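Using UniProt numbering, the letters of the sequence shown correspond one by one to residues 1 to 130.
Glycine included, each C-beta is placed from N, C-alpha and C at the ideal position.
Quantities reported herein were computed from a predicted structural model and do not represent experimental measurements.
Written below as structure tokens is the structure these notes are about.
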Amino acid sequence: MDGSEDTEILPAAVLSGAPIELQARTVRIYQPSKPATQSGTWGAHHWRMDWDILPKGHRWENPLMGWQSSGDFMQGTRLEFKSKDEAIRFAEKQGYEYFVQEPNTRAFTPKAYANNFLYTPKKLKLVRAK
Numbered sequence: 001m002d003g004s005e006d007t008e009i010l011p012a013a014v015l016s017g018a019p020i021e022l023q024a025r026t027v028r029i030y031q032p033s034k035p036a037t038q039s040g041t042w043g044a045h046h047w048r049m050d051w052d053i054l055p056k057g058h059r060w061e062n063p064l065m066g067w068q069s070s071g072d073f074m075q076g077t078r079l080e081f082k083s084k085d086e087a088i089r090f091a092e093k094q095g096y097e098y099f100v101q102e103p104n105t106r107a108f109t110p111k112a113y114a115n116n117f118l119y120t121p122k123k124l125k126l127v128r129a130k
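Laid out in structure tokens, this is it:
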């Protein structure tokens, strides 16, 4: 965007002088999932915005250690917002193209330990130890 487009909001990148490479990037807005190592959902209440990886890659292998290196200056950058609407408003204000990735909802079925001992009219199952 160069400021000549007919939009309600003037993108901040037009006034800030940000490089074209940053203005043309697409951002992803999503709600992070619960970590597999934790049982709580504390970190999953906010929304996150990060930049997609560059289409050409701009990656190479570091000859000293063999690690992957990148020339992408936005690679590890992410922003956190309290709501999805705040993240969308910020992306529109900056003039970024964005897409929203909706979170998957978990199906929770309440269970009780006592249900393991309820009587069900089925054929009696014989269990032999030896």
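Between the CA atoms of residue j and residue i - distance to the nearest angstrom
i       : j      : result
Asn-116 : Arg-25 : 54 Å
Trp-47  : Ser-83 : 6 Å
Thr-105 : Tyr-30 : 13 Å
Leu-124 : Gly-40 : 40 Å
Ile-53  : Asp-72 : 8 Å
Glu-80  : Arg-89 : 13 Å
Beta-carbon gap between residue i and residue j smaller than 7 Å
i           : j      : result
Ala-44      : Pro-32 : yes
Arg-28      : Gln-94 : no
Ser-70      : Arg-78 : no
residue 142 : Ala-87 : One cannot answer for residue 142 here, as it falls past the ends of the chain, which runs 1 to 130.
Tyr-98      : Ala-91 : yes
Cβ-based burial, residue i [other Cβ within 10 Å; buried from 16]
i           : result
Met-65      : exposed
residue 131 : Outside the modelled stretch of the chain, which goes from 1 to 130, sits residue 131, for which no answer is possible.
Ala-129     : exposed
Ala-114     : exposed
Trp-51      : buried
Tyr-119     : exposed
Ala-112     : exposed
Strand pairing of residue i, partner residues [DSSP]
i       : result
Trp-47  : Phe-81
Thr-37  : For Thr-37, which the question treats as bridged, DSSP gives no partner whatsoever.
Arg-128 : Looking at the DSSP assignment, Arg-128 forms no beta bridge with any residue, so it has no partner.
Proximity test, Cβ basis, 7 Å: residue i and chain B
i      : result
Arg-25 : Annotation note: the requested chain B is absent from the structure, which comprises a single protein chain.
Discussion item. For a minimum of 3 consecutive residues, which ranges assigned as the beta strand (DSSP E) are wholly contained in the segment 54-121?
Written reply: 59-61, 68-70, 78-81, 97-101
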